[in-house]
Structure formats: C-alpha cells, structure tokens
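What follows is one structure encoded as structure tokens, with my remarks underneath.
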Ligand code: NAP
Ligand code: MG
C-alpha cells in the first residue's frame, strides 16, 4: 500500500475538524470551548485539534455513565452484550487501516508495526465470547442444610479508563472490551498526544445499538480531565495505563472513595542472552525487544544481560543490527523505526544519552539525530553498563539498549530481579531446563523465551511491584471489572 492511498483513509474524519467529546450519547464541545492541537511527530506539523475536556465535562460524563448503569444497560442480556462486542469488532476490522493510520500520524507508530502488532478486532471478539460465560457459583456451607448459598459476579460500576500515547488504539480496546463484556459503563480519557484513534473508535461505537452513556469520551489533559476522573466520587474504578509516577498519584487520589484500581505502569525489563543462544535469532529478537516502536513500549527489554563468552560478539552484532534499522517517516512502509512521540520526549531521551556517557558506559552506536524536521533518533546501544547506573535502572522510553555482561545463571537472576519494576522479561537459550528455571525465577508479570514481546487476547499481560496491579487481556482482566456478591437463602 502506498503512502498516498494511506493518507486517504482518514480524510473524511480529519476533514470534519476538531474532535469533540462524547457524553451521554451526544457529541459536544468542551464546556470551556477550548481545544488542544496534535502534532505529527514524523513532520512536526499540526494535524488537527480536539476538545480540551475538564472537570465539568468529566462530571457530566460520569453522571451519564451512572444513568446508563441504572437504566437500560443493566437490562442488556449477556448475549446482547456479546452482540455489541461482535458488531464493534466488525466495524473496527472494516476501519482497521483508518484507525492505525490515525495512530501513525498522531504518535508515530510505523505502519509496518501496525500491521504486525496485535489485532484489535480479535481482542473484541475474544471478549465477546466471555460476555456469555461470566457466572457465579453455588457454594457449600456448613450453617444448615436449609440454607442455600451462591455467588453473583456483578459489574464493578463506572470505570474511568486513562490510557497513554504509545499504543493508543490497543490501550483503548483493552479497556473497552472488558467493560462491555462485564456490563460496566465507562469514561475514556486518552492521552493528549494521541487522542485521534480513540475519537474515531468511539464514533464507530456510537453507530451501534448501545444505550447512551455506556461509553463516554473525554479528551483533554491528564492533570485536568484525568485528575478529575480519578477524584470523582461517582467513579467506582480507575483502569490506568501509563507512567509509574502518575500511577502513584492515582493510588493516593483513589483513597477518597476507595476506588478499585488496575494499574499498568512502567518497566525496565531484563532480556537475558545465554552463551548457548542461537544468536541469529537473539540479536534481532533482543534488538527489536528494545527498539520496536522506537523504544516506547512499557515492556521493552532494555536491560540486555549477555553471558561473558558471547558478550563482545553479541554487542557488536546488536550494534550492527541497530545501524541497519531504517529510521524514517512512519507512513513509509519500509520504515522500521519511526520518530519519538514529541519534542519533549526526544529531549528526555537525549538527556539519558548524556547520562550514560557521564556514568562511564560505552556508547557503541546510535544516538544521532537525522537532519529532518521530525523527532527522530537513531537507535543507540550502550555497552559496559553497570547495574547501578541510571541507564540501567530508570525507564528511558526511547530507542536505547543497555548491555550488561554476566557470568552465571544465579548471578543474572539476582541482578535481573534487582529492578523496582517487574513487567516483562526475556531469555535466550537452547537449554530447556534453564529456560524453565529462569522463567520461574524472574519476578515479572511476563517472560518470553527465545522470542520477545508477543501479545495475544487470551494471554494475560501485567506487572508486579512498581509495574502495577492486575492483568489486562485474557480472562484475568475480567476480574478487574467484576465484584463478587454472596447470597444466603434460608429455606
Ligand atoms: P503518563 O504521563 O502517565 O500518562 C498516561 C495517561 O495519564 C495520559 O492519558 C495522561 O494524560 C494521564 N495523566 C497524566 N497525569 C495525570 C494525572 N495527574 N491524573 C490522571 N491522569 C493523568 O504516561 P505516558 O507518558 O503517556 O506513557 C508512557 C508511560 O506509560 C511509560 O511509563 C510506560 O511504561 C507506561 N505504559 C505502560 C503500559 C503497561 O501496560 N504497563 C503500557 C503502555 C505504557 P495526558 O498525557 O493527556 O496529559
Ligand atoms: Mg501527536
């Protein structure tokens, strides 16, 4: 597909002008009348603008969601919720190119990655299946033979979903799907750097036979719209994906009405290359484990531990791999590495290149800024990194690999587990028992062996410790959106 054809797919949407809020089934301006602009990071040019929702809009959206929960939505049968999810999946599949194009121009994810990363319609279909399979249980009790006990699993209520810019469509779908499957209602707050695909997704959803207020959209700034959602007493749960720092502020703010929380936060994931690994697979696998999406992946395997006998060879081959990656405009189908999302993030990442040099790590390659207007940075590899360095402990969220040598398996397990984070982890070996042993020992929510970064609707994804609480995807995500009630019947 050519760039010219691609740019046509969202012309009608973009031609309509500023995006609006979706509250109680109506498309409305922000109460303030204000808008935010969004920029294409491949060019630095403004794409369009959208509503800057604030506390007043959030309050109206929460009220609409509460009304939907108390009204017609509660009467929807599981099979009807399943139908809604299947209908949305069909629309998302029919508009897949348009939705991914919007993310590409909005936050820079290359079209090549869009086509290889996970399939949003498939996630919706997976949760459509679950809508009819949520049930409580009949329980034994020892009180009396004449007392009968069972449980109900009920929707937690109004969900405030706050998502980041690095995988906008996928993040939105991973919240909307379990909300609809469980019968919750929601207010979605996308990131200000990447709101367009959420606006278009909610337009597609608005065409469905869904009661007003089940899904509401309030675009805006995190400290305004996001914080208002977190503070709102009418919200029963916050489903947040984003940085650990904001996640911590949400934990504090949720104390007001003791909201339920699920938090998908940052990481500094270890990826361990043993000397017996097939380096022909490990080099590109670990390389894309760090550089995919320009390193803007929460589970990026940024601490690459390499066993001493292959350390020099692996590092040289990783550098050559990084040098061979095509960096460029995200709409070019040949581009492997797009821009960083914004000038601000680019400066932050470049700051870490300075930090690495000051800490005494050896920059083997990368870190140059191509001479073009977008926010591009060539993928960088630091060798001779030590565990305590900031480039080995802090989430950079850019295309920067830290390579650390190690000697034996117990040592590397201990060092991999020193991180405050516990999201992803990887290892490369041809030894089956070592693969299982290390996979069990890593204190992370996900471990990939001989292949890094796979996702699937049926496989849980989530972090431990400072990487968050709870799971997304799979049946486990449903628990985050349900409460359990016990019922006692005395006969
Ligand atoms: P962020 O700054 O935490 O923002 C995430 C979302 O929270 C955005 O919608 C943001 O709004 C909003 N927000 C900001 N301040 C807020 C506040 N005080 N109250 C409520 N909401 C607020 O993170 P980001 O920079 O967008 O994304 C990168 C981070 O997300 C990285 O740390 C990455 O590891 C993490 N991430 C984790 C996962 C995972 O599944 N574990 C997945 C993807 C990303 P605005 O941006 O619109 O201001
Ligand atoms: Mg943008």
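Numbering (the working numbering), first residue to last: 1 to 491.
For glycine and all other residues, C-beta sits at the position ideal for the given N, C-alpha and C.
Residues sharing a beta bridge with residue i, DSSP
i	result
residue 53	220
residue 186	159, 215
residue 461	472
residue 103	BP columns for residue 103 are empty, so no partner.
residue 256	According to DSSP, which records beta bridges pairwise, residue 256 is partnered with nothing at all.
residue 271	304, 426
residue 485	152
residue 337	327
residue 27	22
residue 240	162, 263
residue 421	465
residue 294	The partner list for residue 294 (beta bridge, DSSP) is empty, contrary to what the question assumes.
residue 551	A question about residue 551 goes unanswered here, because the residues of the chain that appear run from 1 up to 491.
residue 147	490
residue 496	Residue 496 lies beyond the range of the chain shown here (1 to 491); nothing can be said about it.
Contact set for residue i: own chain, Cβ-Cβ below 8 Å, skip 5 residues either direction
i	result
residue 92	99, 120, 121, 124, 173, 201, 204
residue 281	428, 450, 451
residue 15	none
residue 352	390, 391, 394, 396, 398, 400
Residue i (DSSP reduced to helix, strand or coil)
i	result
residue 82	helix
residue 305	strand
residue 19	strand
residue 122	helix
residue 204	helix
residue 399	coil
residue 69	helix
residue 2	Confidence is the limiting factor: at residue 2 the pLDDT is only 35, short of 50, which leaves the residue's position unreliable, though a coordinate-based value still follows. Three-state DSSP puts residue 2 in coil, outside helix and strand.
residue 43	coil
residue 352	helix
residue 406	strand
residue 133	coil
residue 363	strand
residue 386	coil
residue 139	strand
residue 192	coil
residue 10	coil
residue 246	helix
residue 491	coil
residue 480	coil
residue 64	helix
residue 74	helix
residue 497	For residue 497 there is no data in the structure shown, the boundaries of the chain being 1 and 491.
residue 454	coil
residue 226	helix
Beta-carbon separation (whole angstroms), residue i vs residue j, contact threshold 8 Å
i	j	result
residue 404	residue 303	6 Å
residue 447	residue 461	Actually they do not touch by this definition, with Cβ atoms about 12 Å apart.
residue 136	residue 69	No, residue 136 and residue 69 are not in contact; Cβ-Cβ is about 19 Å, not under 8 Å.
residue 62	residue 187	6 Å
residue 271	residue 295	In fact, because the Cβ distance is near 13 Å, the residues do not count as touching under 8 Å.
residue 378	residue 327	6 Å
residue 238	residue 254	6 Å
residue 206	residue 24	With 8 Å as the limit, residue 206 and residue 24 do not qualify as a contact, their Cβ atoms being about 11 Å apart.
residue 356	residue 382	5 Å
residue 221	residue 176	No, residue 221 and residue 176 are not in contact; Cβ-Cβ is about 22 Å, not under 8 Å.
residue 102	residue 10	5 Å
residue 337	residue 346	Incorrect: roughly 13 Å between the Cβ atoms, too far for contact.
residue 39	residue 18	That belief does not hold up - the Cβ atoms of residue 39 and residue 18 are roughly 15 Å apart, past 8 Å.
Nonlocal neighbours in the same chain, by C-beta distance under 7 Å from residue i, ignoring five residues either side
i	result
residue 243	265, 266
residue 278	430
residue 3	The predicted position of residue 3 is uncertain, since its pLDDT is 41 and thus under 50; a value taken from the coordinates is nonetheless stated next. These residues qualify, in order along the chain: 331, 332.
residue 20	27, 28, 29, 51
residue 469	261, 262, 263
residue 163	171, 172, 175, 190, 191, 241
Cutoff 6 Å; reference residue i; Cβ partners in own chain excluding five residues on either side
i	result
residue 78	131, 132
residue 31	56, 57
residue 417	443
residue 471	460, 462, 477
residue 53	21, 30, 218, 219, 220, 225
residue 367	353, 380
residue 179	159, 186
residue 322	365, 366, 379, 381
Residue i: CB within 6 Å of a non-hydrogen atom of the ligand MN
i	result
residue 221	With respect to the ligand MN, the structure offers nothing, as its ligand set consists of the ligand NAP and the ligand MG.
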